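In this text, residue positions in the sequence shown follow the working numbering: the first is 2, and each later residue adds one.
Backbone N, C-alpha and C define an ideal beta-carbon position, used for all residues, glycine too.
These numbers come from a predicted model, not from an experiment.
Working notes, beginning with the structure itself.
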Amino acid sequence: MGKLLIFFIKFGFPLLLITDFSSMIFRSELLLNISRILRSGILLLFIIENVRSYSIVKKFYFSKYLLFVAVVLFGYVFTDRNIIEGFWMYFRFLFWVLGINVLFVLAYRGEFHFKNYLKVIKVVSFFAFVFTLYYLLSGYIKEDYNVAAYLILSLYPLILYSSNSFSKNILFVIICMLSVFITIKRGAVIAFSVSTIVYYIGSIYHKFSMKKIFLGVLVMSVFSFSAIYLIEAQEDRLDNRLSAEQFDVDNDKAGSGRVGMYKSIFQAWKNSDSFIYGFGNQADSYRKRGRRTHAHSDIFGFLYNFGFIGIVLLVLLYRKVILFHIKIRKMINGNPFIVISFFVILFLVNLYSGLFYITETIYLFSLLPYLQIDIMKSKTINKNEFI
Numbered sequence: 002m003g004k005l006l007i008f009f010i011k012f013g014f015p016l017l018l019i020t021d022f023s024s025m026i027f028r029s030e031l032l033l034n035i036s037r038i039l040r041s042g043i044l045l046l047f048i049i050e051n052v053r054s055y056s057i058v059k060k061f062y063f064s065k066y067l068l069f070v071a072v073v074l075f076g077y078v079f080t081d082r083n084i085i086e087g088f089w090m091y092f093r094f095l096f097w098v099l100g101i102n103v104l105f106v107l108a109y110r111g112e113f114h115f116k117n118y119l120k121v122i123k124v125v126s127f128f129a130f131v132f133t134l135y136y137l138l139s140g141y142i143k144e145d146y147n148v149a150a151y152l153i154l155s156l157y158p159l160i161l162y163s164s165n166s167f168s169k170n171i172l173f174v175i176i177c178m179l180s181v182f183i184t185i186k187r188g189a190v191i192a193f194s195v196s197t198i199v200y201y202i203g204s205i206y207h208k209f210s211m212k213k214i215f216l217g218v219l220v221m222s223v224f225s226f227s228a229i230y231l232i233e234a235q236e237d238r239l240d241n242r243l244s245a246e247q248f249d250v251d252n253d254k255a256g257s258g259r260v261g262m263y264k265s266i267f268q269a270w271k272n273s274d275s276f277i278y279g280f281g282n283q284a285d286s287y288r289k290r291g292r293r294t295h296a297h298s299d300i301f302g303f304l305y306n307f308g309f310i311g312i313v314l315l316v317l318l319y320r321k322v323i324l325f326h327i328k329i330r331k332m333i334n335g336n337p338f339i340v341i342s343f344f345v346i347l348f349l350v351n352l353y354s355g356l357f358y359i360t361e362t363i364y365l366f367s368l369l370p371y372l373q374i375d376i377m378k379s380k381t382i383n384k385n386e387f388i
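Written out as structure tokens, the structure is:
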């Protein structure tokens with residue numbers, strides 16, 4: 002079973018990216034269905050392995066919390082107006098939750114180490130970069146400017162972790178940067194930039210050295226000049242996306258209308274009788290008659306759909322991540338601020354986009370099991386300390 006899972010992770014994950022983007026480029030329903038079948042097959046393997054190896058799964062620091070959330074959201078599926086669609090969305094969530102448990106199991110058993118998984122991450126990031134360049138050079142980016150920005154953002158903490166304070170794998174750090182900056186996707190650019198700055202400052206704070214300062218300044222300079230060049234080179238695509246009005250929280254049209262939408266969602270929740278339990282699964286997408294559009298925010302989506310319960314679930318996750326950082330910061334050999342960098346991406350994307358119902362979220366959260374395994378390998382750390 003372990004070898005089969007490793008095979009699908011090594012070859013299935015890159016294939017998912019290729020089929021996803023190829024189906025959009027060629028408008029191919031066949032390629033899209035191949036992607037769906039492959040995801041369904043991998044999910045089935047994840048479910049089986051979680052059941053078979055639960056004695057190991059429960060040693061993962063985040064497993065019990067995520068499985069609890071999975072149970073709660075499963076109950077909410079039956080409040081969806083379209084239960085079939087509700088289950089389809091739920092399975093997307095289940096994919097990454099069970100997937101990171103499986104990665105922990107494979108690493109715990111010594112079958113699939115971080116260096117093996119990192120090869121997969123590098124392949125995926127490279128293909129994502131290639132597709133981003135294709136979108137840019139072909140002009141297709143004007144139709145879908147998002148491209149792989151948020152996918153790269155999910156991969157980025159793993160790349161940062163492997164960079165050892167920008168002293169290794171710098172090529173892939175730059176590949177990630179270019180893939181995000183080319184899209185001029187505001188949310189992705191902000192999360193990427195802030196997480197990088199946090200990681201850099203954290204690396205200096207954790208273990209000061211002039212080498213770290215020099216490498217950091219070099220990387221930041223490359224980032225800055227590249228961002229300026231890419232923005233100026235695509236001036237025809239900017240429109241009002243980077244204008245001051247788009248960042249004015251008092252302007253309802255700011256953030257492509259997100260500010261106004263978030264205000265209306267909050268008011269609808271605050272003034273309703275569904276304060277505690279929310280309006281039901283995917284209810285945020287039915288707010289406007291004749292038009293299906295989600296909240297473009299996990300935080301406001303959870304607030305509207307699951308009420309106060311949804312916000313509690315998110316707060317518990319953030320608390321869990323912070324406690325994890327506190328727990329490992331004196332144990333980890335590298336930069337423990339990678340967890341804060343991860344948290345920055347998690348919170349910001351939760352705030353103005355969405356992660357929980359996207360299967361690629363497995364890449365973002367897979368940092369956590371490998372961090373825990375790295376620490377548990379230490380001779381001074383008891384393997385049961387995280388339980």
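Host alpha helix (DSSP H) of residue i (start-end)
| i | result |
| --- | --- |
| I191 | 187-207 |
| L76 | Rather than Leu, the amino acid found at residue 76 in this sequence is Gly. It spans 64-78 - the alpha helix (DSSP H) in which G76 sits, taken as one unbroken run. |
| F3 | One point to set straight first is that residue 3 is Gly, not Phe, in the sequence displayed. Looking at the DSSP string, the run of the alpha helix (DSSP H) that includes G3 is 3-8. |
| E30 | 30-53 |
| Y371 | 368-377 |
| D21 | 14-26 |
Beta-carbon contacts of residue i that lie in its chain and below 8 Å, excluding the five residues immediately before and after
| i | result |
| --- | --- |
| D253 | Confidence at D253 is low in this model, with a pLDDT of 49, below 50, so the placement of that residue is unreliable and no value is reported for it. |
| S273 | F280 |
| Y353 | G188, G256, R259, H297, S298 |
| I312 | I300, F303, L304 |
Own chain, CB closer than 6 Å to residue i, minus 5 neighbours either side, in chain order
| i | result |
| --- | --- |
| F301 | Y263, I266 |
| K213 | S166, S204, I205 |
| F224 | M178 |
| V195 | V345 |
| V322 | F344 |
| E30 | none |
| S64 | V58, N102 |
| N170 | S163, S164 |
| G87 | V78, D81, N282 |
Beta carbon proximity, residue i to chain D, threshold 7 Å
| i | result |
| --- | --- |
| D285 | In the structure shown, chain D does not exist; there is a single protein chain. |
Cβ neighbours of residue i in the same chain (closer than 7 Å, five flanking residues each side left out)
| i | result |
| --- | --- |
| F182 | V190, S227, A228, L231 |
| L138 | none |
| E361 | L152, S155 |
| S379 | M332 |
| T294 | S286 |
| L6 | L46, E50, V103, L107 |
| P370 | F61, I101, L104, F105, A108 |
| F14 | V121, V125 |
4 or more residues per run - each alpha helix (DSSP H) lying fully within the stretch 269-353 = 299-329, 339-353
Assess, as a yes-or-no matter, whether the stretch 44-53 is touched by the stretch 144-159 under the definition of 3 or more beta carbon pairs within less than 8 Å.
-> no
Taking only runs that begin and end inside the stretch 106-182, name each unbroken alpha helix (DSSP H) of 4 or more residues, in chain order.
-> 115-139, 150-164
Should the stretch 160-172 be called in touch with the stretch 344-363, which here means at least 3 C-beta pairs below 8 Å?
-> no
Within the chosen definition, does the stretch 327-340 reach the stretch 298-311 through at least 3 CB pairs nearer than 8 Å?
-> no
Report yes or no: do three or more beta-carbon pairs, one from the stretch 122-142 and one from the stretch 5-24, lie closer than 8 Å?
-> yes
Validate contact between the stretch 95-102 and the stretch 117-129 using beta carbons, cut 8 Å, 3 pairs | no
Could you tell me whether the stretch 282-301 touches the stretch 27-38, using the rule of 3 or more Cβ pairs below 8 Å?
-> no
Looking at C-beta atoms only, is the number of pairs between the stretch 84-95 and the stretch 352-366 that lie closer than 8 Å three or more?
-> yes
Is there contact between the stretch 366-378 and the stretch 59-76, where contact requires at least three CB pairs shorter than 8 Å?
-> yes
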